[in-house]
Amino acid sequence: MMKALFPDDGSPVSFEAFMAYALHDPHRGYYARRISTVGRGGDFTTTAEISPALSKAIAAWLIKQLRATRCRDVIELGPGSGALAVAVKAHLPWIWRMRTRWHLVETSATLREIQARHPALRNARWHDSVESALGACGGAACLYSNEFFDAFPVRLFQRSTAGWQEVFVQIMDGAVKELLLEEKNLPPSCVWRRDWAAGQRVEVHDSVRQWLAAMAIHWRRGAMLTIDYGASLEEIYHRQPCGSMRAYFMQQRITGAGIYENVGRQDLTADVNFSDMLEWTSAFAESAPLRSQRDFLLPWVNAGNPGDVHAVDPHGAGEAFRVWECWAG
Numbered sequence: 105m106m107k108a109l110f111p112d113d114g115s116p117v118s119f120e121a122f123m124a125y126a127l128h129d130p131h132r133g134y135y136a137r138r139i140s141t142v143g144r145g146g147d148f149t150t151t152a153e154i155s156p157a158l159s160k161a162i163a164a165w166l167i168k169q170l171r172a173t174r175c176r177d178v179i180e181l182g183p184g185s186g187a188l189a190v191a192v193k194a195h196l197p198w199i200w201r202m203r204t205r206w207h208l209v210e211t212s213a214t215l216r217e218i219q220a221r222h223p224a225l226r227n228a229r230w231h232d233s234v235e236s237a238l239g240a241c242g243g244a245a246c247l248y249s250n251e252f253f254d255a256f257p258v259r260l261f262q263r264s265t266a267g268w269q270e271v272f273v274q275i276m277d278g279a280v281k282e283l284l285l286e287e288k289n290l291p292p293s294c295v296w297r298r299d300w301a302a303g304q305r306v307e308v309h310d311s312v313r314q315w316l317a318a319m320a321i322h323w324r325r326g327a328m329l330t331i332d333y334g335a336s337l338e339e340i341y342h343r344q345p346c347g348s349m350r351a352y353f354m355q356q357r358i359t360g361a362g363i364y365e366n367v368g369r370q371d372l373t374a375d376v377n378f379s380d381m382l383e384w385t386s387a388f389a390e391s392a393p394l395r396s397q398r399d400f401l402l403p404w405v406n407a408g409n410p411g412d413v414h415a416v417d418p419h420g421a422g423e424a425f426r427v428w429e430c431w432a433g
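As numbered in the numbering used here, the sequence shown has no gaps in its residue numbers, which increase by one up to the final residue, 433.
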């Protein structure tokens, strides 16, 4: 499988390219091969699968934003199993269900098949990109996502005494080796403003920056809600000298050299740097202050539901996930 993904002659590829192939290669990538189910018995579990409070909170947010922005189109980014879209629609008053057009941005053929099995989504439209979805909406839409941007590949850097080096990956005879190459043309990010100790690793979601820039061209009016694990720059790397990069294999967290094992059979992810997100969108959108998932969900929590309790746990998911809102137009 390694040979199918990468050159085995020792040619180095960036960590970003390694992560993109490992997750999104159409034949060997994790999202192409491993996502047969989503949830407790599948490859991963999201808050949407276990907490009814999430869909209630998003539905309430949508009603408020659809009214305020005068939009009729809703776009879900990376809808997973489709369960969240179904639940959100169910919590909308019938008049909003009737008047609202639903769009799903999904690149995985396997997940599209799973989503299409839901009768409630029979009138939804599927798109390969947010640009396509916004084009179908005339540029006016309310967008939301849950654990979407964490699936984007990152560029990985390490601080040396002389400056910044970028992590590259070299593969020979099936063995993976890291290379550190000097990088002077650093991508836009707030991480470079801090004085880091030698050896500190940081991730930059440059692919997200490019995605947001392309989206901005087509987004004329509306609101966007993003829920993902991450935090501000100051919080992410506190006591994390090796950065936040990790893998999940059979729902077990793996760090260090283990992220290079089981290529195409394990998830790879890094915390979303919301400080970067706010800066990258400041030219075309107005943002609200970040808040925790706990704060966002609390009004809708059923204390008797274990999934809801887990989702607002102040020592777990409730604080590990951040909620970000922004508006255009």
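We put the beta carbon where it would ideally sit given N, CA and C, even for glycine.
Asked, Found
"Straight-line CA distance for THR211 to MET328?", "20 Å"
"Can PHE508 and PHE119 be called in contact, C-beta distance under 8 Å?", "Residue 508 falls outside the range modelled here, since the chain spans only 105 to 433, and no answer is possible."
"Round the Cβ separation of CYS241 and LEU170 to the nearest angstrom and send it over; I've been treating them as touching at under 8 Å.", "CYS241 to LEU170, Cβ: 12 Å. No contact."
"I need the straight-line Cα distance from ASN406 to ASN366, nearest angstrom please.", "38 Å"
"Can the beta-carbon of LEU284 be found less than 8 Å from the beta-carbon of GLN314?", "no"
"TRP200 by DSSP, collapsed to three states: which one?", "helix"
"Output the distance between the C-alpha atoms of THR82 and ALA136, rounded to the nearest integer angstrom.", "Any question about residue 82 goes unanswered here, given that the chain covers just 105 to 433."
"What is the DSSP secondary structure of ARG297, counted as helix, strand or coil?", "helix"
"Return the CA-CA distance between THR141 and SER185, expressed in angstroms with no decimal places.", "A caution first: THR141 carries a pLDDT of 49, below 50, which makes its placement in the model unreliable, though a value can still be read off. Their backbone Cα atoms lie some 7 Å apart in a straight line."
"Just tell me which of VAL190, PRO197 and ILE199 has its CA closest to the CA of HIS227.", "According to the sequence displayed, residue 227 carries Asn and not His. Measuring from the Cα of ASN227, the nearest candidate turns out to be VAL190."
"Of all the options LEU181, LYS168, GLY347 and SER155, which has the alpha carbon lying nearest to the alpha carbon of MET319?", "LEU181"
"Roughly how many whole angstroms lie between the Cα atoms of ARG398 and HIS342?", "21 Å"
"What separation, rounded to the nearest whole angstrom, lies between the Cα atoms of GLY422 and HIS414?", "7 Å"
"Let's see if you can read the secondary structure: which residues bound the alpha helix (DSSP H) around PHE400?", "397-401"
"Since GLN269 is in the beta strand (DSSP E), which residue starts that stretch and which ends it?", "268-276"
"Tell me, which residues are paired with MET328 by DSSP?", "LEU247 and CYS430"
"Classify GLU270 as buried or exposed, calling it buried when 16 or more other Cβ atoms lie within 10 Å of its own Cβ.", "buried"
"Sorted by chain position, which residues of the same chain lie with C-beta nearer than 6 Å to ALA392's C-beta, five sequence neighbours on each side aside?", "GLU429"
"Applying the 10 Å Cβ sphere with the 16-neighbour rule, what's the burial state of SER379?", "buried"
"Who are the near neighbours of ILE167 in its chain, counting only those whose CB is closer than 8 Å to its CB and skipping five residues on each side?", "LEU196, PRO197 and TRP200"
"Spell out the partners DSSP gives HIS231 in its beta bridges.", "VAL209"
"Excluding sequence positions up to five away, which residues of its chain have a Cβ less than 6 Å from the Cβ of GLN304?", "ARG263 and PRO345"
"Go ahead and label LYS281 buried or exposed: buried means 16 or more other beta carbons lie within 10 angstroms of its beta carbon, across all protein chains shown.", "exposed"
"What does DSSP give as the partner residues of LYS281 in its beta bridges?", "GLN274"
"Count the other CB atoms, across all protein chains shown, that sit within 10 Å of the CB of ASP129; report buried if there are 16 or more and exposed otherwise.", "buried"
"When you compare only the Cα positions, how much space is there between ALA237 and THR173?", "17 Å"
"From this set, ALA194, ALA187 and ASP254, which residue's C-alpha is nearest ARG221's C-alpha?", "ALA187"
"When the Cα atoms are used, what is the spatial distance from ALA302 to TRP268?", "9 Å"
"Find out if the Cβ-Cβ distance for the pair PHE95, VAL192 is shorter than 8 Å.", "Outside the shown range of the chain, which is 105 to 433, sits residue 95, and nothing can be said about it."
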